[in-house]
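Scroll down for the structure; my scribbles are underneath it.
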DNA sequence: ACCTCCCATCGTTACGTATTAAGGACGGCA
DNA sequence: TGCCGTCCTTAATACGTAACGATGGGAGGT
């Protein structure tokens with residue numbers, strides 16, 4: 001081993017090929033003027049480069065302002081932990097696939113900051129900037145980091161709808177509004193007229209969208225507001241068997257429930273049903289408004305809708321590249337979800 | 353949107369704070385001389401930086417310094433295709449985890465070359481070099497690319513044992529020899545004395561290692577060579593029911609089989625068994641020498657050994673970082689496999 | 001033969017940062 | 001007051017690349 005040999009530069013190649021550094025640059029990076037170089041010279045340069053084992057220095061290139069052909073993928077939570085991987089994996093798959101298809105490489109910003117905290121700005125440094133642009137992923141984001149990113153004009157696309165007051169950002173989102181509305185329609189078609197909606201408390205975009213979809217679905221189905229019950233599930237206050245019985249007693253026949261990181265709402269509902277001796281779907285229909293992240297937590301084949309996760313990943317990359325080329329305004333894209341009819345919803349029994 | 357606003361530099365900060373660019377650099381990056389800056393100046397600089405939304409330009413920094421804090425992961429096959437993902441995923445997991453733990457970022461070289469062919473040297477240029485070092489993964493490598501990498505002194509670690517004549521390279525490998533040997537021992541302990549060994553034909557390191565382990569296990573168990581039958585499974589020539597019957601007729605009670613990309617050998621064996629009316633494990637015991645990549649192709653819980661894939665990924669990163677720091681010689685690491693007792697192996701029936 | 005034009009190549013500069021050696025202010029001590 | 005030493009700050013430079021304008025020479029036209 002020759003030890004830490006400095007890797008050859010364009011100057012070295014130029015010297016060997018008997019041309020100038022500028023010519024080497026023209027040959028290597030092609031550019032618009034790439035065809036202005038004589039074929040013989042081009043060959044000589046390429047040969048010299050191969051012999052020396054020359055490789056382009058990405059740092060220098062991107063310092064100069066050019067592209068790296070690298071896209072970043074930053075996740076606010078670790079993507080890989082086992083319990084969540086089945087949820088995040090399809091996004092990753094789509095992003096990877098599209099990135100490769102466009103002949104870019106993918107930079108995974110996986111390193112947690114020193115504090116164990118995942119932040120974009122570690123020590124005041126925006127690490128993302130080594131990439132040409134970045135796809136962001138994850139539920140628990142730091143808004144201030146996002147705002148900072150926008151302020152810097154760094155091109156990025158979020159997977160999932162994200163709003164930051166005062167700025168317009170790009171994202172690829174699932175159409176939660178439409179999907180939830182459709183779910184209400186489906187339930188109404190099966191005869192359900194009195195619904196309960198079980199939402200998580202924190203006020204996020206996706207929770208708001210689902211609730212909006214819920215209201216919209218009610219309107220479409222012609223169900224007045226007083227026929228429904230909205231219950232916000234605080235983290236600690238689980239749904240009790242008593243509450244569930246109350247609902248059923250008041251004529252409610254179906255429950256819509258939001259999935260969460262830990263499937264807390266679903267698990268709580270199932271436990272309450274078990275305690276109350278209520279059978280799903282015979283006694284109450286349950287529809288899940290999304291993909292339950294943990295497939296293991298519950299064995300049931302829920303009636304639900306699934307996000308086109310892989311496609312979302314792919315589209316995010318496509319939009320990011322559009323952003324890079326046009327450097328136009330932010331753009332948003334909504335993709336349809338697919339309703340999956342499982343065995344947790346049944347027709348409402350004829351009232352005798 | 354202000355459009356492509358150039359992001360502020362140290363010069364801008366310096367101008368605003370009324371100091372020189374060098375002072376800004378001292379304040380920002382601290383360094384060894386960081387404490388030589390007067391507290392008042394430091395505050396002024398930090399304030400100016402905050403007001404302007406200054407962030408360090410990573411490209412410029414690494415151009416100057418050398419290290420990128422980026423590790424590469426290059427795979428000779430796409431890691432993500434669905435049919436293989438369960439096999440490769442744990443490696444990826446381990447690599448990602450270790451990379452993050454050491455506060456590096458992970459660069460996924462996913463872009464296929466223009467020809468659809470995955471090569472390290474695209475257009476005579478080594479793309480890997482943007483990273484400080486690289487973990488390599490995959491079965492179907494291009495030896496010439498590897499040799500070139502070594503020649504360039506680029507630090508890399510292979511996951512899986514790889515040999516290139518004349519050069520010594522670093523890898524983290526599963527101890528196929530020991531695991532296969534142990535498997536033979538296990539079979540011998542269950543009374544199996546006549547074995548068949550079904551290998552794939554191409555002459556790879558892992559095939560050789562398994563065969564060596566097979567021989568070693570035979571020696572340990574005191575089984576003479578004429579009690580065994582080694583069958584090389586060509587790609588197209590599947591194992592026939594007739595052959596399988598012949599083996600059993602000759603007293604063979606157990607088959608060791610190598611897993612392949614597509615589980616070809618296992619599937620062939622199972623089909624032959626079905627055709628011949630041979631039951632597994634009642635009539636013949638089957639041990640798989642590794643992890644069957646496709647869990648779906650067969651529902652059986654094979655007796656096998658599994659590679660510590662996640663750990664292999666982690667160790668690969670650790671060794672790579674050692675290589676970076678010491679820039680010493682290549683190093684190799686072997687990790688033990690875990691035997692898994694499934695239901696495809698039974699005690700040999702007492703011969704009446 | 002001379003002028004023109006174009007093509008291939010070259011010299012130069014800027015990108016933003018970290019570092020080194022050098023400069024300047026200030027106070028203390030003789 | 002003069003000298004020196006200690007801090008603090010600065011000017012200059014290098015890193016490797018891409019882009020621009022400039023230059024030289026050869027070919028073609030008049």
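Chains as they are written, first to last, in my numbering: chain W, 1 to 352; chain Y, 353 to 704. Note that beta-carbon positions come from the ideal geometry of N, C-alpha and C, so glycine has one too.
| Asked | Found |
| --- | --- |
| CB contact below 8 angstroms: residue 439 of chain Y versus chain W | no |
| CB contact check: residue 448 of chain Y to chain W, cutoff 8 angstroms | yes |
| Local conformation of residue 446 of chain Y per DSSP, three classes | helix |
| Spatial neighbours of residue 68 of chain W in its chain, beta-carbon cut-off 6 angstroms, leaving aside the 5 residues before and after | 58, 62 and 132 |
| Selection from Y:633, Y:642 and Y:596 that minimises the alpha carbon distance to residue 621 of chain Y | Y:596 |
| Secondary structure of residue 505 of chain Y, DSSP reduced to three states | coil |
| Residues that residue 485 of chain Y bridges to, as DSSP identifies them | Y:423 |
| Chain-ordered neighbours of residue 130 of chain W on chain Y, where CB pairs are closer than 7 angstroms | 410 and 411 |
| Alpha-carbon to alpha-carbon, residue 21 of chain W and residue 15 of chain W | 8 angstroms |
| The segment 488 to 508 of chain Y / the segment 566 to 584 of chain Y touching (three or more Cβ pairs under 8 angstroms) | no |
| Cβ pair count under 8 angstroms reaching 3, the segment 208 to 218 of chain W against the segment 260 to 277 of chain W | no |
| Residue 157 of chain W and residue 170 of chain W closer than 8 angstroms at C-beta | yes |
| Sub-8 angstroms separation of residue 481 of chain Y and residue 506 of chain Y beta-carbons | yes |
| Three-state secondary structure assigned by DSSP to residue 199 of chain W | strand |
| Within 8 angstroms, strictly: CB atoms of residue 551 of chain Y and residue 515 of chain Y | no |
| Beta-carbon spacing of residue 630 of chain Y, residue 591 of chain Y below 8 angstroms | no |
| Exposure label - residue 192 of chain W; buried when at least 16 CB within 10 Å | buried |
| Exposed unless 16 or more other CB atoms sit within 10 angstroms - verdict on residue 242 of chain W | exposed |
| Spatial neighbours of residue 281 of chain W in its chain, beta-carbon cut-off 6 angstroms, leaving aside the 5 residues before and after | 344, 345 and 346 |
| Helix, strand or coil at residue 365 of chain Y [DSSP, three-state] | helix |
| Beta-carbon neighbours of residue 306 of chain W, restricted to chain Y and to distances below 7 angstroms | What residue 306 of chain W touches in chain Y: nothing, since even the nearest Cβ is about 16 angstroms away. |
| For residue 668 of chain Y, the nearest candidate out of Y:548, Y:423, Y:655 and Y:625 (CA to CA) | Y:423 |
| Buried versus exposed call for residue 6 of chain W [16 or more other C-beta atoms within 10 Å across all chains shown] | exposed |
| Between the CA atoms of residue 12 of chain W and residue 19 of chain W - distance to the nearest angstrom | 10 angstroms |
| Cβ of residue 684 of chain Y within 8 angstroms of any chain W Cβ | no |
| Endpoints, the beta strand (DSSP E) within which residue 581 of chain Y is located | 580 to 585 |
| Beta-carbon gap between residue 586 of chain Y and residue 689 of chain Y smaller than 8 angstroms | no |
| Beta strand (DSSP E) runs wholly inside the segment 616 to 680 of chain Y, at least 3 long, in chain order | 637 to 640 and 655 to 658 |
| Nearest neighbour of residue 228 of chain W, chosen from W:204, W:210, W:209 and W:254 [CA to CA] | W:254 |
| Residue environment, residue 541 of chain Y, which counts as buried when at least 16 other CB atoms sit within 10 Å | exposed |
| Proximity of residue 287 of chain W and residue 299 of chain W at Cβ, strictly below 8 angstroms | no |
| Three-way DSSP call (helix, strand, coil) for residue 454 of chain Y in this model | coil |
| Closer than 8 angstroms at the beta carbon, the chain Y residues around residue 91 of chain W | Near residue 91 of chain W there are no residues of chain Y at all, since even the closest Cβ is about 12 angstroms away, more than 8 angstroms. |
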